Ligand code: ATP
Ligand code: MG
Ligand code: MG
Ligand code: MG
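In the UniProt record's numbering, the protein residues as written are 2 to 464.
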């Protein structure tokens, strides 16, 4: 017999004899007419395949009628057109073999619906549920689209280091790396200098690949990195993880306007691919997670994003009658509540905010002529807030050096980075998209812990 996926088997074009399906039982219903209906899912798609298992099967009473949620099976038979509505096909079993049982007394994923919070305790089992299977497939689609989009636009995929000395964002949110056997050193009674512990040099887990990415963009023209990123965010929000995946394109000869256009085209491509290639999963999110998601994303794809400068945004926030917990003053960073108001109530869609005060942004962003603002851009979306942070980079050697000294950064340590301006400097720009924030927005999932397979948050790295 011929093994095909459930996804394939659900299409009429697969109808025929000698078909084999391998998967896990989702439900079983015994009919009085001498057969059972068993729904099988194999992860290849959102939907299940209905198996019609007749009482004539040799193991009908012993095994088929004992199947419960989670059992793994191999079924062979004839794939026929289904008379039932809502499914094109069904498999009429001639043999059903059980590979593994799942004791309904102890298997946690029974029919009873669990909260997402509860399911986080079973991070290893939750991909077997409808919701988390759908999230995993959408996350996969977005990852594929990221590579496709950049390749189609002439960007080279570059790998930047995970272990690094530089704190790109200057936010002090870095995990330290150690190669020392601290126990052994403690036994010897010697002083342990935690500042210098990567083979006697300081090192951290990367918070952004940007600075290294700039080195490749100023050689290859257009590059992107896409990898794990670490931030010691000792807070519990629904949008921060200690380990997340960031996509960071960087392009030589790009200014802020080019960068904004790239970000908008990129996001539109990602979301339209979700709608075009994850139809059933997106239907599920639309109906069960966030009503109207499909319509919302369709509008996002069709309309140009709104643009506003930071200064204009502050004026809007100061003149509204809306009450905020944190007051808004020019020169302070916007809080989540302000970003939500701007995207959800003021423009009703994605918003690109530009030209932030230089005092609240990192040293590498390009300073404006009046010195007060930098060529920064944040892309904000309703429900999630910031999903992209980017900027045109400071390409002028003298300006960069003075920004670095203001920020208290050592020229010696960043000498390699400064070289990029010493030799053949060019205007360039780039941004970072948090993959999980994009998945959150695409799916409507409220908590970032539910869009990454094994979330890393304070105190949570067990499995
Ligand atoms: P936020 O203001 O939400 O803390 P940020 O401004 O610190 O984000 P950037 O340094 O601009 O973040 O990083 C670029 C992108 O990476 C962000 O726009 C966001 O999508 C994502 N990101 C940043 N920090 C995290 C995190 N802790 N967990 C998940 N994604 C993150
Ligand atoms: Mg942050
Ligand atoms: Mg931010
Ligand atoms: Mg940012």
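Ideal placement from N, C-alpha and C gives every residue a C-beta, glycine not left out. Model, not experiment: these values are computed from the prediction.
Work out the CA separation of residue j and residue i for me, nearest whole Å.
i           : j           : result
residue 66  : residue 42  : 18 Å
residue 7   : residue 44  : 8 Å
residue 178 : residue 13  : 55 Å
residue 141 : residue 358 : 36 Å
residue 322 : residue 286 : 34 Å
residue 70  : residue 226 : 41 Å
residue 383 : residue 449 : 15 Å
residue 311 : residue 345 : 17 Å
residue 269 : residue 217 : 26 Å
residue 108 : residue 275 : 32 Å
residue 92  : residue 77  : 8 Å
residue 326 : residue 314 : 17 Å
residue 204 : residue 164 : 6 Å
residue 125 : residue 388 : 27 Å
residue 106 : residue 261 : 54 Å
residue 365 : residue 119 : 42 Å
residue 288 : residue 299 : 15 Å
residue 304 : residue 349 : 11 Å
residue 115 : residue 49  : 20 Å
residue 394 : residue 9   : 48 Å
residue 332 : residue 372 : 13 Å
residue 347 : residue 273 : 24 Å
residue 238 : residue 343 : 20 Å
residue 408 : residue 399 : 14 Å
By the 10 Å Cβ neighbour count, where 16 or more other Cβ atoms means buried, how is residue i classified, buried or exposed?
i           : result
residue 294 : buried
residue 430 : buried
residue 271 : buried
residue 52  : buried
residue 464 : exposed
residue 379 : buried
residue 138 : buried
residue 417 : exposed
residue 152 : exposed
residue 173 : exposed
residue 362 : buried
residue 146 : buried
residue 297 : buried
residue 351 : buried
residue 247 : buried
residue 456 : buried
residue 254 : exposed
residue 1   : The first residue shown for the chain is 2 and the last is 464, placing residue 1 beyond what the model contains.
residue 241 : buried
What distance in whole Å lies between the Cβ atoms of residue j and residue i, which are believed to be in contact at a cut-off of 8 Å?
i           : j           : result
residue 89  : residue 82  : 7 Å
residue 30  : residue 37  : 7 Å
residue 215 : residue 251 : 6 Å
residue 445 : residue 291 : 3 Å
residue 390 : residue 337 : Not a contact, Cβ separation roughly 14 Å.
residue 392 : residue 368 : With a Cβ gap of about 11 Å, residue 392 and residue 368 do not count as contacting.
residue 243 : residue 234 : 6 Å
residue 64  : residue 99  : 5 Å
residue 212 : residue 176 : Their Cβ separation, rounded to whole angstroms, is 17 Å, which puts residue 212 and residue 176 out of contact at 8 Å.
residue 168 : residue 136 : Actually they are not in contact, since the Cβ atoms of residue 168 and residue 136 sit about 32 Å apart, beyond 8 Å.
residue 94  : residue 54  : 5 Å
residue 219 : residue 427 : 6 Å
residue 245 : residue 435 : 6 Å
residue 223 : residue 150 : About 12 Å; that fails the 8 Å criterion.
Any heavy atom of ligand 1 closer than 6 Å to the Cβ of residue i?
i           : result
residue 465 : With the chain covering 2 to 464 only, the question about residue 465 has no answer from this structure.
residue 242 : yes
residue 435 : yes
residue 234 : yes
residue 404 : no
residue 378 : no
residue 340 : no
residue 245 : yes
residue 438 : yes
residue 79  : no
residue 170 : yes
Could you pull the DSSP bridge partners for residue i from this structure?
i           : result
residue 461 : 458
residue 52  : 39 and 92
residue 82  : 90
residue 393 : 430
residue 140 : Answer is none; residue 140 lacks a bridge partner.
residue 202 : 199
Just checking residue i against ligand 3 - is the residue's beta carbon closer than 6 Å to any of the ligand's heavy atoms?
i           : result
residue 122 : no
residue 291 : no
residue 387 : yes
Kindly examine ligand 4 and report whether one of its heavy atoms sits closer than 6 Å to the Cβ of residue i.
i           : result
residue 390 : yes
Is the Cβ of residue i closer than 7 Å to any Cβ of chain B?
i           : result
residue 458 : Absent from the structure: chain B. Only one protein chain is present.
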